[in-house]
Amino acid sequence: MVVGIVVDQMRYDYLYRYWTKYGNDGFKRLLGQGFSYENTHYNYVPTYTGPGHASIYTGTTPSMHGIVGNNWFVREEGKGTYVTEDKTVQAVGGTALAGQMSPRHMLTSTITDELRLATNFQSKVIGVCIKDRGSILPAGHAANAAYWYDGANGAFITSTFYQNALPEWVTKFNSQQRAAQYLDQPWTTLLPITEYTESSPDDVAWESAFKGETKPVFPHDLPRLSAAAPAAVQGALKAEGEKAPVATPRNLDLIRSTPFGNSLTADFALEAIRAEQLGQRGQTDFLALSFSSTDYVGHQFGTTAIETEDTYLRLDRDIARVLAYLDKTVGKGQVLVFLSADHAAAQSPNFMLEHHLPAGSVGPGLMRDSIQQALVQKHGPGKWVLSYENQQVYLNRPLIAQQKLDLRKVQDEVVDIAGTLSGVNRAIAADDLQKSHWESGMLMYLENGFFPKRSGDVMVVLEPGWLESYSYPVNKGTTHGSMNNYDTHVPLLFWGWHVKHGESSAPAKITDAAATLARFLHIQEPNGCTGTPLLEVLK
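Residue numbering for the sequence shown follows the numbering used here, beginning at 148 and increasing consecutively.
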């Protein structure tokens with residue numbers, strides 16, 4: 148059996164920052180018995196969840212697999228789309244909005260697809276994650292199932308892309324209302340709060356409180372904070388024809404932003420192993436398991452928060468539970484585990500500024516409007532900028548053609564305009580990315596993340612330490628997406644079947660993970676794979 152563990156927003160240094168607080172059976176077991184690539188980086192931008200999961204499992208970059216962001220602008224439709232959005236399928240077990248999802252936007256196969264092909268579809272592949280994209284993309288196109296969480300009803304759901312009804316074991320699991328049970332307890336620190344010496348003080352200006360709190364401090368009263376569902380959730384339930392509840396439905400979506408979202412995910416994964424008999428059927432099965440709550444907590448509280456540290460200490464225990472259950476059910480030495488992250492994260496800007504380090508934030512709305520206004524001044528009225536997404540400017544090409552302007556010249560004008568804005572290092576025209584090829588440096592990251600049919604006309608690169616503020620509370624918490632080390636440097640561990648203990652500081656790319664798994668399993672690499680096998684762990 149293969150288990151792929153992806154920890155959303157896990158920086159490489161989290162492996163060691165909290166080392167003395169970890170138990171012996173989670174991260175320490177993986178590092179102490181497995182093989183660690185200490186210098187693993189993403190090799191493209193933007194470093195977001197959708198592209199990250201796709202790149203780990205396809206072994207290639209957005210320039211090939213086409214997942215250029217969590218969202219992007221679709222020129223033909225004149226509107227944005229979501230990475231796993233698919234209106235041709237229906238929800239199974241959840242609300243329509245949460246369930247109309249599939250991997251159809253991903254244009255290449257995954258290592259999980261290749262396993263299904265290699266075994267004539269006798270292997271089982273199942274994806275599990277709180278986030279839809281963290282389950283759907285890793286599981287691939289040929290998966291038996293992918294399950295994700297619907298906060299409107301506190302259940303794990305799927306879509307008709309995979310099956311027309313939830314298996315009995317999923318229905319039974321959902322009926323236990325475990326999300327509600329987790330939210331019935333306050334979030335207190337696992338250890339005495341005075342022991343969290345690796346983190347900032349509990350009450351600092353760069354953390355964001357939960358809605359309903361006055362300060363972002365422990366303990367977090369989850370029963371009170373989850374007592375009423377947001378209006379949007381209530382509206383979704385009403386739209387689905389749900390019977391009016393006796394009381395206002397709870398905000399079960401809140402669990403995403405607590406460490407208990409990871410615990411709920413682990414609970415569901417263990418039940419999947421048991422019910423589907425994964426690794427116990429005489430075939431090589433694959434569980435793609437992604438933990439998302441680390442990302443939600445990181446965005447809200449930042450990389451130095453006690454909440455973030457506590458989330459990793461609790462995740463350590465959840466991973467230990469998963470490993471122990473695999474020992475018991477599949478057998479020691481019969482499971483190949485890899486662990487990585489879909490991206491890392493920057494320090495909070497206000498934390499950096501507090502310590503006299505360069506940092507800042509810029510709103511994408513300001514970026515878009517500044518460029519739009521400058522083009523109006525130069526060329527007259529018109530909606531010259533259609534969208535600004537993933538730090539990319541989408542120009543109104545029909546308007547440019549109508550005004551008999553040269554697209555390349557307008558791109559160059561935007562490059563010059565963007566370069567004058569605060570926090571911008573430089574901007575690059577899409578035309579430049581398509582006419583040359585770079586093996587290293589800034590332009591390599593941009594080229595690897597560029598897919599002509601989905602990417603913008605101009606790519607904007609922010610200065611190190613500068614973040615886009617729409618992705619997190621303004622000047623609070625943190626985000627990711629850049630080509631800087633704090634966003635690209637992630638763990639990559641292999642553990643278990645045929646893995647000897649060791650580590651390497653040789654450069655490794657995230658796209659090498661799938662190529663390495665293919666060599667372990669003696670199967671074909673994904674059809675768009677550009678990574679290379681990591682030889683040290685294969686010896």
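No residue lacks a Cβ here, since even glycine has one placed at the ideal position from N, Cα and C.
Rounded Cβ spacing between residue i and residue j (contact assumed at less than 8 Å)
i: VAL272; j: THR259; result: 4 Å
i: ARG601; j: GLY213; result: 6 Å
i: GLN237; j: SER306; result: 7 Å
i: GLY624; j: PHE448; result: 6 Å
i: LEU640; j: PHE485; result: 6 Å
i: PHE433; j: LEU262; result: 6 Å
i: THR266; j: GLN430; result: 6 Å
i: TYR195; j: PRO285; result: Not a contact, Cβ separation roughly 15 Å.
i: PHE228; j: TRP219; result: According to the sequence as given, residue 228 is Thr; it is not Phe. Yes, they are in contact, since the Cβ atoms of THR228 and TRP219 sit about 6 Å apart, within 8 Å.
i: THR187; j: PRO638; result: 7 Å
i: GLY529; j: LEU546; result: 5 Å
i: VAL477; j: ALA413; result: With 8 Å as the limit, VAL477 and ALA413 do not qualify as a contact, their Cβ atoms being about 16 Å apart.
i: GLY240; j: ALA302; result: 6 Å
i: MET248; j: ASP279; result: 5 Å
i: ALA327; j: TYR309; result: So it is not a contact: roughly 26 Å between Cβ atoms.
Neighbour-count burial assignment, residue i, 16 or more Cβ in a 10 Å radius
i: GLN156; result: buried
i: PRO392; result: Unreliable positioning characterises PRO392 in this predicted model, as indicated by a pLDDT of 39, which lies under 50. A coordinate reading is not provided.
i: ARG123; result: Because the chain spans 148 through 686 in this model, residue 123 falls outside it and cannot be assessed.
i: HIS669; result: exposed
i: TYR163; result: exposed
i: SER629; result: buried
i: LYS656; result: buried
i: THR344; result: exposed
i: ASP703; result: The question about residue 703 has no answer here: the residues shown for the chain are numbered 148 through 686.
i: PRO333; result: exposed
i: GLU672; result: buried
i: ALA201; result: buried
i: ARG555; result: exposed
i: ARG403; result: buried
i: VAL153; result: buried
i: TYR165; result: buried
i: LYS390; result: Reliability of the predicted coordinates at LYS390 is poor, the pLDDT of 40 falling under 50, and no value is obtained from them.
i: VAL150; result: buried
i: LEU682; result: exposed
i: ARG371; result: exposed
i: ALA394; result: Bear in mind that the predicted position of ALA394 carries a pLDDT of just 44, short of 50, making it unreliable; the figure below should be weighed with that in mind. That one is exposed.
i: TYR159; result: buried
i: GLY199; result: buried
i: THR405; result: buried
Pair within 8 Å by beta-carbon distance, residue i and residue j
i: HIS627; j: HIS503; result: no
i: LEU483; j: PHE182; result: no
i: ALA506; j: LEU500; result: yes
i: GLN550; j: HIS526; result: yes
i: LEU473; j: TYR169; result: no
i: GLY588; j: SER210; result: no
i: ALA653; j: GLY678; result: no
i: THR663; j: VAL646; result: no
i: SER373; j: ASN398; result: yes
i: PRO511; j: GLU615; result: yes
i: THR451; j: SER346; result: yes
i: TYR184; j: SER651; result: yes
i: GLN558; j: MET606; result: no
i: PHE365; j: ILE453; result: yes
i: TYR89; j: VAL192; result: Coverage of the chain is limited to positions 148 through 686, which leaves residue 89 absent and any answer about it impossible.
i: SER508; j: ASN622; result: yes
Residue i beta carbon near the ligand SAM (any heavy atom closer than 7 Å)
i: THR450; result: Absent from the structure shown: the ligand SAM. Ligands present: none.
Limits of the alpha helix (DSSP H) - the one that residue i falls within
i: GLN539; result: From DSSP, GLN539 is part of no alpha helix (DSSP H) but of the beta strand (DSSP E) over 539 to 542.
i: SER202; result: 196 to 205
i: THR450; result: Unbroken run through THR450: none, as it is neither H nor E.
i: VAL684; result: 682 to 685
i: ASN409; result: 407 to 423
i: PHE268; result: Looking at the DSSP string, PHE268 is not in any alpha helix (DSSP H), and its letter there is neither H nor E.
i: PHE667; result: 659 to 668
i: GLY246; result: 243 to 246
i: MET211; result: 209 to 212
i: TYR161; result: 161 to 164
Start and end residues, beta strand (DSSP E) containing residue i
i: PHE174; result: It is not in any beta strand (DSSP E) - PHE174 instead sits in the alpha helix (DSSP H) that spans 174 to 180.
i: THR228; result: 226 to 229
i: ALA435; result: 433 to 438
i: LEU483; result: 483 to 487
Short CB-CB distance (under 8 Å) between residue i and chain C
i: GLU342; result: Of the protein chains in the structure, only one exists, and it is not chain C.
Whole beta strand (DSSP E) elements within the segment 287 to 325, 3-residue minimum:
292 to 297, 302 to 306
Going residue by residue through the segment 570 to 649, where are the continuous alpha helix (DSSP H) segments of at least 4 residues, counting only ones entirely within it?
577 to 582, 589 to 595, 632 to 635
Ignoring anything shorter than 3 residues, give me the beta strand (DSSP E) runs that lie fully in the segment 494 to 557, in order along the chain.
507 to 509, 532 to 536, 539 to 542
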